[in-house]
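Have a look at the structure below, then the notes.
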Amino acid sequence: MCSDYFIVQILIQYLVLVAIKLPLPLQAFSMAEDEHQSLTERVQNTEPPVYCLMATVKEAKGILGKDISGFSDPYCLLTILEDEKESKTRRSRSKPRKAVVKDAVSDEEVYTTETKKQTLNPIWNQTFILEFEETDGASFHMEMWDRDEEVSLAQKLEEIRTNFHGLRRMIKDAKKLKGQDDFLGNIVLRLKDLHCTEDNWYVLEPRTETYPDRGQCHLQLKFTHKERDGTLSAGRSAYVNYCGILQQFVQSHISRQQGSGPWKGDLCGEGQTLLELYATQNDLSPFLQDLAKWVAYSKLYQSLEVDSSLLLQQLTSIEYHWHQQELPYQQKQELGDSLHGFLQYGLCLVAKYRDIFPPTQDANPRLHTLLRILSQICKTRAFQKLNPAQFDLHDEVNDAVHSGTQEWFSIKKGLHQPMTKDMTETVSALSKLIGEVQEDIKHNKDSWNRVFVSAVQVDVFTIVYQKLDSLLAGEVRDTLNQLEGKMEQSLANGLFPLYLSLQAIHKDKAFLQKSVKLLELTNFHEGFREALPYWLNKAFSTTQDRVERAVQVDQLQPLQSGMVPIKHSSSAVDLVACVQPICQLWEQLSWPDPEEAFMLMVKLTEDVCKIVVNYCRILKERVRELSENSDHSSAVNKLCVVVNDLEHLRSVLTRLPQQLNWAALRERTRHVIGDPQFHNVLPSQLQHAQGVLSREIRSALETVGRKLNSDIETYVRSMSTRRRLPSKSTEDAVVPLMKYLEKELQYMNENLVQENFNSLLTPLWTNSIRTLYQVATQQKQEGGLMVFCQRLQYTLQCLEQCFYAEGNGLPLETLHTDDYKTLKSHLTHNSLNCQQLIEKFLDRKVWEQKVYSGEKYGAVTLIASYRRSDLRLRVEVLNAANLLPMDSNGSSDPFVQLCLEPRHVFPEVEPRTTQIKNCDLNPLFDEAFEFMVSVEQCQAAGACLVVTVLDYDTLRTDDFEGEAFLALRAVPGVGGGPGHQPDPSPAQIRLPLTHPKPNDDSILKLLESRRGEREAQVFVKKRRQREKQSQEEKQ
C-alpha cells in the first residue's frame, strides 16, 4: 500500500507540474477520492518546471537546388512561436513574406543548424532544446534556407565557363540583393497536436506555388522539462519509479481483463500515455524502458496470464540495445538475476509441460514460445556476459523432461493403485496405467515432439519413450510374477487388452530418431505365454457359439440385397463375420517368436477348419429339420441354398492363406521351419476342410442331379419307341425334353450360384451324353435306324445349345468331351444314307493318302489334268516303283487299274487298265487314258481316282500290289468357279501304295449292317476283298 501511495504521489505531481490534462486511473491503485485530493494539493504547492521541446534535426532529402551548380548549401532555423507573437508578426507585414522566423522573434530564440555544402540530401543530426510556456496556441517552426555567400568576379567567370547551363540561375541571382539567402521550405507543427515523442519525416511546405515539391525533412521531437521540483520523489530514481508505475498498470489491466485470454501488452490509453510521458520527461533511454518491461513482464508471467510473445519481443530489444548503451551496475545485476530466475522458472514449466501445455492447437504455440524464450535467453550476449557459470540449455531441458516424466508416472501409478489385493483388480489397475502411458507416448510423438525439436532441438519423444519403457517394464514384470501359476480364464481375459497396449507402445519404437540400447519391453511377450492358450480357447468357443446361434435362426432362404441377388443364406454371412475375429486375433497378437508363431498359426487354422466342418454338420441337420414337412420343390430350394452356403464358405477358405498372410509367416520361419514341414501342416489342414466342403457340395448336387438325370433318360427313351417314329417329326419329338430342361435349368440357375450351377451342369451333361449313347447303340441295325439317329443327332444339337446357353453355361471345351465326340460321330454316320457313307469313306481314304509317308508297298507316278473345254479328265500312268515280288521267281507281272469312285457319281465310267509288264518290279507304262466327266462330277463329295496295282496271274486271281487314292479336286483344272478357264498344265503326282487294315473301318461296318441296300453290299464286298488281299494283316 505504501508503494502504491508513493507511485500515485509521483504521478499526480508529474501531471500537475507538466500541466497535462489526463485523468489518473485511480482504479489501478485502489485509492479513495480524499486521498487523491490530498495528494493533488501537495503537488500543486510545488514549484512548476520549465517546459521544453527537444528537437533533433536528423536529415533531409530531395530539397531544391538553388545554386548555379544545381545544389544548395542548406541550413535550418528552429523556434517556437506563440499565438500573440505570431499575430503581431502578421499585422506588422503589409504583404506576405517568405521570412517568418527571422522577423517574428529575437535572434536569441532562434536556433540555427550547421550549413551543409553543395548537397540535396543534407545530414545534420543536431539537437536543440526549445523552451515554451504553454502548449495551447504555441507552434513549432522550422525553416530551411540556402546560404548565399559573396564571391569574387573571377569566381563568377569561372562558374560561367564551367557551367554555361546555369546562366539563367546567375541572371536570377543578379537581381537579388547581395548576400540574400534562398528559401527552401518550412515545417509548422502545433504543440498540442504532438505526442510526447515524435519521430517522422515531414514535407517541406512552400510559401508560394512556384516550386510545390520541395522535399522532406526528418525530425525527432520530444517533450521534456528543466528545473523540476523533486522534493516529493527524493531518494528514488526515475527508472525505479517507471518500473513501479508499469507493473501497477499492467496488474490492474490484467485483473480487469480476466477471462478474455492472455494479456498481449496493450494498456488503456491514459496509462500508456502516462508511461510514455514519464519516460520522455525523465529521459529514460529505450534500453532502460525495455529492461523495465522485461523485468515486469517476466515477473507477471509467473503469476498472471501474459502472452509469452511479449517476453520474446523484450528479449530481442535488450539484445539490440546491449552494445549500443552501457547499463548501470545495478541494472546489470537486475537483468542477470531476472534472466537466470526466468530460466529456472521456465524449466519448471517444461518439467510439467503435460499439465500446463496440453496437446491442443492453442497450447502448443504457447509451449513453443516459452521454449524459444529460454533458447533466446541463453543466446543473448547479456546472459552470456552476466552469467559466468556454464549453462547448457539442451542438457537442462533433458533433465527437466526426465524428472517431469518420472514424477508424472509416479502420480499416475498412485492414481491407479488397486484398492484390494485381488489379482483381477491388480490387472485392471495395470491396464489403466498402461493406457495412460500409451496416450502420453502418442501425444509426445504426434504433438509435443515437433514443438521441442523445432524450438530447442530436443527429441522429447525419445527421452520420454526410453524413460517410460524402463518404468513400465518394471511394473509389468512385477504384476506378471504375481500371476505365475495362478492363471485362469478371467485373468487371461483381462491380460489381453494389456498385451495389445504394450504391443502398441513397443511398436512406437520405430519412431525413435536415433539408435538406442536394448529396450526393456523388447521381449515383453514372454510373460504372456501362460495366458496365450486361454486367449485361443476363448476365441474358438465364442466363435463356435455364434455360428451355432446363426444356424438355429437361419430359415435357409437366399438373401436379396440390391440389384444383384445374394443366393446364400444368413448363416453363411454370419459365419464369415464370426470367423473374422480369429483372423484378426492373429494380426493382433503379432507373436514375435517365429517358431511359436508357426505353432500359433497351426492352432488358429485348425480352429477355423473345425468351425467350418462343424458348420457343415449343423447345417445338414438344419436343412433336414426344415424339410421334414415341406413339399419336394421347397426341399430342393433349401438344398440349393445349402449348396450355395457351402460354396460361399469354400471361397472364404480359399482366401484364408491371404487373410492370415501365410507368405509373410513363411519368410519369418524359413530359418527354423523347413519347407516340407510348413507345407505339410498348414495346407493339409486347409485341404481337409475344403475336401469336406467339396464332398458335401457334391453330395447335395448329386441329390438334385439324380432326379434330373432320371427325367432326362425317360424323355430320351420315349423317343426310341418305334411306333412313334412316323407319327411325329424330329423337332416335335424333342420339344418335351427341351421344355423340361429349360424349366429345371432356369430354376437351378436362379437358385444356385454360378460355381454350383456349373458343377451341376457338368455331371448332368455327362449323364445325358451317356444316356443318348446307350439308347443309340441299343437299337438294332435295321430299318428306321437312320431316322432314329437323325432324331438323336438333332436332340444332341439341342442339348448342346441348351447347356452352352450362348456362352453363359458350360464352355465348349467342357461340352466337347471324348464321349461327346464318339456319340456325335456315331450319330452322324448312322444318320447318313448309303451313298453319303460311301462318300465319307472315300474322303477318309483320300485324307489317309495325304498323311501317309513312306513307300512300303511301292509307289506309282501319274500325270493328271482336266480340260474344261472338252470335259476330259486325262490321266497318264508313267511308271511304278519298288513293287513287292508276288511270283515265286521273285518278280511280278504288274499292271495298273484306274477307276473313278464313287460309282453313283460316275455310273457310266468304266475302269481302265494298262498293259501288263512281265517280270518287272519297277515297270515303265507311259500310257494315257481319258475320261469324259463333267466338272460337277469331279467336284462332288468323295470324288476320287482309285489307282490299283495288281500282279497278273494266269491261273489264279490277280495278286494285290497296293492302291492309292487321288482326290479329283486336286487335279489341275478341276478347282475354281464356273465359267470358261484356260486349260491347265498337267501335274506329275507320285502316290505311295497302301494296303487297307482289315475290319478297321467303322463306316464299312455300318454299311455292312445295312443288308437291305444292294449298293452298300456291293461296295462292302469289294472292300472286304481288298482287305483279304492286304498284307497289313500279315505284318
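Position in the sequence shown (first residue = 1) + 71 = the numbering used here.
Cβ atoms here follow ideal geometry from the backbone N, Cα and C, with glycine treated the same way.
Report task. Please state if the CB of E1032 and the CB of L954 are separated by a distance shorter than 8 Å. Result -> yes
Query - Burial state of G256, where buried means 16 or more other Cβ atoms lie within 10 Å - result: buried
Query raised in the report: Within 10 angstroms of its Cβ, does K297 collect 16 or more other Cβ (buried), or is it exposed?
Result: exposed
Query - Burial state of K187 (16 or more Cβ within 10 Å) - result: buried
Query raised in the report: Mind checking whether Q730 and C680 have CB atoms under 8 Å apart?
Result: no
Report task. Evaluate contact between the region 1017 to 1037 and the region 955 to 962, counting only Cβ atoms and requiring at least three cross-stretch pairs below 8 Å. Result -> yes
Report task. Assign Y391 to one of two classes, buried (16 or more other C-beta atoms within 10 Å of its C-beta) or exposed (fewer than that). Result -> Y391 comes out exposed.
Query raised in the report: Roughly how many whole angstroms lie between the Cα atoms of L418 and Y349?
Result: 36 Å
Report task. Let me know the secondary structure DSSP gives A1038 once reduced to three states. Result -> strand
Query - Spatially closest choice to V694 from N608, N435, A771, by CA coordinates - result: A771
**Report entry** Outcome for L883 when other beta-carbon atoms lying within 10 angstroms are tallied against a minimum of 16
**Finding:** exposed
**Report entry** Delimiting residues of the alpha helix (DSSP H) encompassing L486
**Finding:** 464 to 486
Query raised in the report: Which residue comes first and which comes last in the beta strand (DSSP E) that contains N685?
Result: Per DSSP, N685 belongs to no beta strand (DSSP E); it is in the alpha helix (DSSP H), 665 to 698.
Query raised in the report: Would S475 pass as a contact of L551 if the rule is Cβ separation under 8 Å?
Result: Before going further, note that residue 475 is Gly rather than Ser in the sequence given. No, these two residues do not count as a Cβ contact at 8 Å.
Query raised in the report: Mind checking whether V967 and V931 have CB atoms under 8 Å apart?
Result: Contact flag set, yes.
**Report entry** Strand pairing of V44, partner residues [DSSP]
**Finding:** Residue coverage of the chain in this structure runs from 72 to 1106, which leaves residue 44 outside it and unanswerable.
Query raised in the report: Going by C-alpha distance, which of E979, E546, V128 is nearest H289?
Result: V128
Report task. May I ask you to list the residues that DSSP assigns as paired with L971? Result -> L1016
Query - Among I689, P1069, V752, W195, the one whose alpha carbon lies nearest that of A621 - result: I689
Query raised in the report: If you run the structure through DSSP and keep just helix, strand and coil, what is C869?
Result: helix
Query - Sequence-distant residues of the same chain with beta carbon closer than 6 Å to W272, five excluded per side - result: Q287, H289
Query - Closest Cα partner of E813 within the set C869, I505, T785 - result: When each option's Cα is compared against that of E813, the closest is C869.
Query - Burial state of A1035, where buried means 16 or more other Cβ atoms lie within 10 Å - result: buried
**Report entry** Neighbour-count burial assignment, P1067, 16 or more Cβ in a 10 Å radius
**Finding:** buried
**Report entry** Span separating the alpha-carbon of R945 from that of F1002
**Finding:** Roughly 7 Å between the two C-alpha positions.
Requested in this report: With a threshold of 16 other CB atoms inside 10 Å of the CB of Q319, please say whether the residue is buried or exposed.
Outcome: By the 10 Å Cβ count, Q319 comes out buried.
Query raised in the report: Nearest to V259 by CA position, among L457, D252, R278, V1006, is which residue?
Result: R278
Requested in this report: Within the region 559 to 584, note down every full alpha helix (DSSP H) run reaching 4 residues or more, in order along the chain.
Outcome: 560 to 578
Query raised in the report: Between the region 484 to 501 and the region 402 to 412, are three or more C-beta pairs nearer than 8 Å?
Result: no
Query - Among Q1100, Q1059, L445, T451, nearest to W393 - alpha-carbon criterion - result: T451
Requested in this report: Provide the residue span of the beta strand (DSSP E) that contains T198, from first to last.
Outcome: Annotation for T198: the continuous beta strand (DSSP E) segment containing it runs 194 to 203.
Query - As assigned by DSSP and simplified to three states, the class of R793 - result: For R793, the predicted model reports a pLDDT of 45, less than 50, meaning its position is unreliable; a value from the coordinates is still stated below. Three-state DSSP puts R793 in a helix.
Report task. Quick one: give me the first and last residue of the beta strand (DSSP E) that H887 is part of. Result -> From DSSP, H887 is part of no beta strand (DSSP E); its letter is neither H nor E.
Report task. Enumerate in chain order the residues of its own chain whose CB-to-CB distance from F1122 is below 6 Å, with the five nearest sequence positions on each side excluded. Result -> Nothing can be reported for residue 1122, as the shown portion of the chain is limited to 72 through 1106.
Query raised in the report: Is L371 closer than 8 Å to V377 when the C-beta atoms are compared?
Result: In terms of Cβ geometry, V377 and L371 form a close pair [threshold 8 Å].
Query raised in the report: Would you report the Cα separation of A1011 and V976, rounded to the nearest angstrom?
Result: Whole-angstrom Cα-Cα distance: 8 Å.
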